Amino acid sequence: MFAYVIRRVLATIPLLFIALYSVHVGVSFTTDPLAEFYQCLPRCQQGYDLISDQYDLDTNIWVRPFAWFGDAATGDLGRSNELGQPVSTILKTRGWNTAQLAIPAFALSTGVALMLAIYSATHKYSAGDYALTSLSFVGIALPTFVVGLLLQTTFAVWWQDWFHNKPFWTQGKHADSFGQFLSSATLPILTLTIVSVAADSRFGRTAMLEVLNADYIRTARAKGLSRRRVVWRHGLRNALIPLVTLWALNFSILLSGSVITESIFSWPGLGPPFIDGLGEADIDLVLGIVIFGSFLVITFNLIADVLYGVLDPRIRYD
Amino acid sequence: MTETGLTAEAIALRSAEIRGLEGLASKPMSFGLLAWRRFLRHRLALIGAVGIVLIALGFIVQPWTSSWDFDEIDPIALGGDQGISAQHWFGTDDIGRDLMVRTFHGGRSSLQIALVVAVVSTLIGVTLGAVAGYFGGWIDVLLGQVTNLFLIVPALLVLAVFAKRWDNKNSLAIVIACLLWTGIQRVVRGLVFQIKEQEYVQAARAAGARPGRILVRHVLPNVVGPVMVNLTLTAGTAIALESTLSFLGLGVKPPTPTLGNLVFEAKGRIDSQPIKVLLPAFFIVAITLCINFLGDGLRDAVDPKAAGERAG
């Protein structure tokens, strides 16, 4: 088991290297960190030199990433010029802000989706199943920004600013009390939840139905087990196997910052600076967020694989 | 004894046999016909297909019939941002352009992007999937790693980086297509991997057919169903991706409207004039919904496991 984990981690290192290298080259090709300086030269020669030095702009574009790799290997992820902070600090503070949305949203959406999936699968072709299926179709078709804008306009603008979440309202997101946190975080959490519940419940329904049609479920019924025991112990446990991978991916994506939701609700997470950083040639910040996100994807994928073994004892790692 | 040597019973028996044989020999329905029937029975899929055709027709016809051009400014509405009126059914945008024409014209751009993305990504995915599944080896490993790479690098990053350089409709579509081919590649690879072990493929190989001919004549016709489903659903994903990108201000450059661009332009005034966000958003949702209905119906129609003509 331990050897398996080590092998998996080692296998992703070249992949991560290629990903970061191409991101670095791609961003360097399309953006220019010196764009602001051409107008004011030679007055701002000092700043020009500082930026050139920070990004090693005098070296070839294809060689430049290696300087970054060298620094990153020693734990120095560089500095964001837009936010005026070291990238590692930003990842810590903003990453935590993002997690405050991501963890409740993940817990809520997974729980609700699972309940809906079990209901739909055990009441196949009933009125409730049809209603849920139609709803999930609409939910899947709704882009995140539509959900976010609708929630914001309805609950934070028209209805007397219940959630203190007026558009462009950026203060007070650092919650001093739990009540304050709830009032500013509810709408973004709800947005993230609605968007994922639709797809998750549909996927869960398919997974659950596939299991409920299996022979061992018929056997379990035939030997007289209670309906509840058949569905929850024999059905759900097997249906969880394909779902775990999906959840791992969802959670890692949520944790690495949701650009749309966080921008709409002016939430100081990792999403908005990522898009801004791309526009303003903040290469260190962009690479920092990418490496953070890929660590999450790799880690949670690994956790999912380990959980497979727990859920299905037939799976062996060697 | 008659000349034919058949008794009455024998004749009766014979004709019953022939009837039976005829029953067996009644032309079995082809896979395509079965799929078509299942599709017609699938009410939602039919609604989706009719809906998408109607929306597309509207998008194509309306800009012709309107007296305004999509980038034409109405001098009377120059102050901008008019509400709904007889002159401008959807109102005007902040510099006095007719929003109805812009919405329908934008819908046309969005659909065009979706179509190009679906076709291009499917072509790339099917070709690479067939090659990887049939030949295996290093090329399969390489493509598997590329798929993993796409999991690590956020799609939004790739789009944002390239959207800066190429910001017209078709190049944006190509960039999106280059991101979305991995899904169908995995599907086709898996299917080809199974099919190449079938007897008829081995027979073709034994008869001396070249790999190219085997792939095109014997293997690919058997993956058409899943590919069509994926093509449809990819179009839906493309609509969503394009509108998200435009919402962030990274999509097709103005003055060309797309549905996402229109939401982006109107979102600042959502509290006073929500209708200008809701209308393009409605079309985004309606198109995606229709496409997903269609894809779901197709999936049921081409699913060989689906029993007889029973629609799901």
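In order, the protein sequences belong to chains A and B. Quick note: the first sequence, position 296, residue 859 per my numbering, numbers continuous. Quick note: the second sequence, position 15, residue 8 per my numbering, numbers continuous. Idealized CB from N, CA, C, for every residue including glycine. Just so it is clear, the structure is predicted and the values come from calculations on it, not from any experiment.
> My guess is that residue 294 of chain B and residue 28 of chain B are in contact by the Cβ rule of under 8 Å, so how many angstroms apart are they, rounded?
Replying inline: Residue 28 of chain B and residue 294 of chain B do touch by the CB rule: their CB atoms are close to 4 Å apart, below 8 Å.
>> Please tell me whether residue 180 of chain B and residue 154 of chain B are closer than 9 Å, where the distance is taken between their beta carbons.
In response: no
>> Given this structure, state the Cα-to-Cα distance separating residue 232 of chain B from residue 566 of chain A, to the nearest angstrom.
In response: The straight-line gap from Cα to Cα measures roughly 44 Å.
> Would you say the region 666 to 674 of chain A touches the region 737 to 757 of chain A, given that touching needs at least three Cβ pairs under 8 Å?
Replying inline: yes
> Name the chain B residues that come within less than 7 Å of residue 649 of chain A, Cβ to Cβ?
Replying inline: Correct list: empty, because the minimum Cβ distance to chain B is about 21 Å.
>> Within 9 Å of any Cβ in chain A, is that where the Cβ of residue 164 of chain B sits?
In response: Put simply, the CB of residue 164 of chain B is far from chain A, with every gap to its CB atoms at 9 Å or more.
> Is any beta-carbon of chain A found at less than 9 Å from that of residue 158 of chain B?
Replying inline: yes
>> Mapping the DSSP letters down to three states, classify residue 595 of chain A as helix, strand or coil.
In response: coil
> Using the beta-carbon count (16 or more within 10 Å), is residue 715 of chain A buried or exposed?
Replying inline: buried
> In whole angstroms, what separates the C-alpha of residue 782 of chain A from that of residue 106 of chain B?
Replying inline: Distance between the alpha carbons of residue 782 of chain A and residue 106 of chain B is about 51 Å.
>> Within a Cβ cutoff of 6 Å, which residues of the same chain sit near residue 374 of chain B, ignoring the five residues on either side of it in sequence?
In response: Here chain B comprises residues numbered -6 to 305, so residue 374 of chain B is not present and cannot be evaluated.
> Can you give, in chain order, each stretch of the alpha helix (DSSP H) that sits fully within the region 655 to 738 of chain A and has at least 4 residues?
Replying inline: 690 to 704 and 707 to 714
>> Taking the alpha carbon of residue 133 of chain B as the reference point, which residue from B:54, B:93, B:175 and B:268 has its own alpha carbon closest?
In response: B:175
> Around the C-beta of residue 147 of chain B, are 16 or more other C-beta atoms found within 10 angstroms, so that it is buried, or is it exposed?
Replying inline: Classification for residue 147 of chain B: buried.
> Do we get a CB-CB distance below 9 Å when we pair residue 721 of chain A with the residues of chain B?
Replying inline: yes
>> When you measure from the CB of residue 761 of chain A to every non-hydrogen atom of the ligand NAP, does any distance come out below 8 Å?
In response: With respect to small molecules bound, the structure shown includes none, and the ligand NAP cannot be examined in it.
>> Helix, strand or coil, according to DSSP, for residue 214 of chain B in the structure here?
In response: If DSSP states are grouped into helix, strand and coil, residue 214 of chain B belongs with the helices.
>> On the DSSP bridge list, what partners appear for residue 571 of chain A?
In response: Paired residues: none, contrary to the question.
> Relative to chain A, which residues along the region 138 to 151 of chain B have a C-beta separation below 7 Å, given in chain order?
Replying inline: Flagged, chain order: 138, 141, 142, 144, 145, 146, 147, 149 and 150.
>> To the nearest angstrom, how far is the alpha carbon of residue 732 of chain A from that of residue 795 of chain A?
In response: Summary for residue 732 of chain A: the model assigns pLDDT 48, below 50, so the residue's position carries little reliability; its value from the coordinates is reported in the next sentence. Looking at the two C-alpha atoms, the distance is approximately 45 Å.
> Which residues in the same chain as residue 143 of chain B place their Cβ atom closer than 6 Å to its Cβ, once the five residues preceding and following it in sequence are excluded?
Replying inline: 175
> residue 193 of chain B to residue 788 of chain A, Cα distance in whole Å?
Replying inline: C-alpha of residue 193 of chain B to C-alpha of residue 788 of chain A: approximately 46 Å in a straight line.
>> Closest to residue 684 of chain A by C-alpha separation, out of A:825, A:861, A:830 and A:775, would be which residue?
In response: A:775
> Which term fits residue 248 of chain B, buried or exposed, when burial requires 16 or more other beta carbons within 10 angstroms of its beta carbon?
Replying inline: Sixteen is the threshold: since fewer than 16 other Cβ atoms of the shown chains lie within 10 Å of the Cβ of residue 248 of chain B, the residue is exposed.
>> Count Cβ pairs between the region 93 to 108 of chain B and the region 237 to 251 of chain B that sit closer than 8 Å; are there 3 or more?
In response: yes
> Using the rule of at least 16 other Cβ atoms within 10 Å of the residue's Cβ for burial, across every protein chain shown, is residue 618 of chain A buried or exposed?
Replying inline: buried
> Mind pulling the chain A residues with CB within less than 9 Å of residue 231 of chain B?
Replying inline: Under the 9 Å cutoff, chain A gives no residues; its nearest Cβ is about 12 Å from residue 231 of chain B.
>> Taking 9 Å as the threshold (beta carbon to beta carbon), is residue 285 of chain B in contact with chain A?
In response: So yes, residue 285 of chain B belongs to the interface.
> Is there a Cβ from chain A that is less than 9 Å from the Cβ of residue 264 of chain B?
Replying inline: At least one chain A Cβ lies under 9 Å of residue 264 of chain B.
> Using the beta-carbon count (16 or more within 10 Å), is residue 572 of chain A buried or exposed?
Replying inline: exposed
>> Am I right that residue 242 of chain B and residue 288 of chain B are in contact with their C-beta atoms under 8 Å? What's the rounded C-beta distance?
In response: At roughly 30 Å, the Cβ-Cβ gap does not stay under 8 Å, so residue 242 of chain B and residue 288 of chain B are not in contact.
> Exposed or buried, residue 596 of chain A, counting other C-beta atoms within 10 Å across all chains shown (16 or more means buried)?
Replying inline: buried
> With distances taken from CA atoms, which of A:746, A:772, A:613 and A:636 is nearest residue 692 of chain A?
Replying inline: A:772
> So which of A:847, A:851 and A:866 has the shortest CA-CA distance to residue 644 of chain A?
Replying inline: A:847
> Mind checking residue 625 of chain A: buried by the 16 CB within 10 Å criterion, or exposed?
Replying inline: When all chains shown are included, residue 625 of chain A counts as exposed.
> From this set, A:704, A:632 and A:698, which residue's C-alpha is nearest residue 276 of chain B's C-alpha?
Replying inline: A:704
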